[in-house]
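Each residue of the sequence shown is one higher than the one before, counting from 24 in the working numbering. Okay, structure first, notes after.
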Amino acid sequence: MEQKSNVWAIALAIIITAVVVGGGVYWWQQNKVVQEVPSTVTTETTKTTTADKEEPKEPLTYSTSGVSASVSKETAPFGYTADQLVSMAEECGNNQTTSYFNTLVSKFSGVTKTVYKFKYTGASQESDTFVVTLLPNKAGYSSLDQLKKDFDQCYAGGDAYPTKLNSDWLLFVNSCGTGFDDGSGKPIGCQEARDVVEPTLELN
């Protein structure tokens, strides 16, 4: 009888030990999951918040330090036609077909240009505004020579001379007039602004 009691006591002790150990393992697993999930959610939330704060990069940097000028920025349609580009090319001695320029213009379909205007604010002759125009580089130009072959203006008083480029943008500047002086003694405001701003122009 005493032997049977010992057997039952040992069996009961084994069962109690199994329950305690099993319960402890279960509690540890549940606690681990609860602790790990918030950590993952926090990381993802942080990444989303950082991405939301990113702002588009301005395509052009410049400085007006040293000249009295106001700066404005606007957008406008692409504006060039194949016939216009043919005429410009002929002026520069570059004979290209209308078909060639039709294909070129189609690459800029739907594109808008960004226009920066640096207006001299002091007393000035005309013109008083230096104009910088940016176009997206939809044709994939890799050199200034390539760009000039299609868009150069070989006459005085042009409004958009190819000047700089990178893989994303094409930069054009105006001519600040034909060189006419009205005899007033006032500076040509466009040229005053251009002399200071143009050397600082950088495409991003």
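Where a beta carbon is used, it is the ideal one built from N, C-alpha and C, also for glycine.
- Contact fails between the stretch 144-153 and the stretch 98-118, because fewer than three Cβ pairs, one in each stretch, are under 8 angstroms apart.
- In the structure shown, Ser-122 falls within a helical segment according to DSSP collapsed to helix, strand and coil.
- A distance of 7 angstroms or more separates the beta carbons of Pro-185 and Lys-172.
- Classified as exposed, Tyr-178 has fewer than 16 neighbouring CB atoms from the shown chains inside 10 Å of its CB.
- Closest option to Gly-208, judged by alpha-carbon separation, among Ala-146, Asn-227 and Lys-187: Ala-146.
- Rounded to whole angstroms, Leu-194 and Gly-180 show a C-alpha spacing of 17 angstroms.
- Counting C-beta pairs closer than 8 angstroms gives fewer than three between the stretch 117-130 and the stretch 188-204, which falls short of the contact rule.
- In terms of Cα proximity to Val-94, the closest of Ser-190, Tyr-85 and Asp-168 is Tyr-85.
- Taking the CA atoms as reference points, Asp-182 sits about 17 angstroms from Tyr-143.
- DSSP places Ser-95 within a strand segment (E or B) once states are collapsed to three.
- Straight through space, the alpha carbons of Phe-131 and Asp-106 are spaced by roughly 15 angstroms.
- Within a 10 Å sphere around the beta-carbon of Ala-99 sit fewer than 16 other beta-carbons, which makes this residue exposed.
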